[in-house]
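Q: Structure incoming, see below.
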Amino acid sequence: MDAKASSLEMLIHSSPLFVSSMKRLLQRTLAAAGSVAMLAAPLASSAAVTTSFGPGDLIKGSMDTVYYFASNGKRYVFPNAKTYFTWYANFDTVKQIPDNHLSTVPLGGNVTYRPGRKMVKIDTDPRTYVVDRGGVLRHVTSESLAQTLYGLNWNNQIDDIPDGFFINYRLGTAIETASEYQPANVMTLTTTIAQDKGLEEEGVITISIGAPGDGFVPSSITVKRGTRVTWTNRDNMVHNVSGSNWSSGDIAPGQSYTKIYDVVGSFDYHCSIHPAMQATINVVP
């Protein structure tokens, strides 16, 4: 390297703007790496694989991605660690299920930030938003309002959402005064992902019917007395649901069958067309 190039390099690296930019780049890189590590590391030592789970449970397969299982029988994915940690403090309750069971459960969409927990912005939009129920973004119209809502350190309560995740949200009305949005109240009213997505329907659960090798998913579930259980055939073959003294009849691909469980007890059922497909419903008061 000649003296001129060396002098130029020294000038660049001693520039406050260059140093500041590099610091921000390093902080972003470390933060991203930390998010990935937080998402993956605890899951590496997950509990034994189970086939028993129900609405509200966190599930995963052999990979690190975590899903929320809803009463409609679908799974909702956490797109990144930041989203996950607005809802949960750790991974202690995540259940690992067989990969073929996970693939039988259809995707319902992405989980969005818990309302009230954080403010957000996207990379290509200078505006700052609060998150309301249902993944609704509401523009915070002034710095003083942001400070009123989230305190003196309000600027530390903002997460950047990648542009690719912006489609998970929708825009609502802007906030002009603090009376229009109170973070603590919003959080209190939205304690579960099912509530946030309008999926919390008491006494309803959907079970997926998979291929003969996959069976009923979940294969063991506990419900309250009076629950309406719906089996939906996700396979491309005809199946049925048969108990000790009842049967659904043939359930064609894409079709469903519903039964109400109003007696407490443990009830086994199977597919009489494919007898290896067996499962259990436990009914509690």
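Every letter in the sequence shown is one number past the one before it in this note's numbering, and letter 212, counting from 1, is 209.
Virtual Cβ for every residue (Gly too), placed ideally from N, Cα, C.
The model shown is predicted, which means the values in this text are computed figures rather than measured ones.
Any contact of the region 42 to 60 with the region 169 to 179, i.e. 3+ C-beta pairs under 8 Å?
A: Contact fails: fewer than three Cβ-Cβ distances are below 8 Å.
Q: Taking three-plus beta-carbon pairs below 8 Å as touching, is the region 263 to 274 in contact with the region 233 to 252?
A: yes
Q: Taking the DSSP output, what are the residues bridged to residue 230?
A: 206
Q: Let's see if you can read the secondary structure: which residues bound the alpha helix (DSSP H) around residue 79?
A: 78 to 82
Q: So, helix, strand or coil for residue 149, using DSSP?
A: coil
Q: Taking the Cβ atom as the reference point for each residue, do residue 258 and residue 231 lie within a distance shorter than 8 Å?
A: no
Q: From residue 199 to residue 278, what distance separates their C-alpha atoms?
A: Distance from the CA atom of residue 199 to the CA atom of residue 278, rounded to whole angstroms, is 17 Å.
Q: Which residue's Cα is closest to the Cα of residue 206: 255, 53, 188, 131?
A: Checking every option, the nearest Cα to that of residue 206 belongs to 255.
Q: Between the beta-carbon of residue 227 and the beta-carbon of residue 253, is there less than 8 Å?
A: yes
Q: Which two residues bound the contiguous beta strand (DSSP E) that contains residue 267?
A: Per DSSP, residue 267 belongs to the beta strand (DSSP E) from 262 to 267.
Q: Taking a contact to mean a Cβ-Cβ separation below 8 Å, would you say residue 53 touches residue 131 in this structure?
A: Remark: C-beta atoms of residue 53 and residue 131 do not approach each other more closely than 8 Å.
Q: Quick one: what's got a C-beta closer than 6 Å to residue 56's C-beta in the same chain, skipping five residues either side?
A: 50, 64, 66, 92, 94
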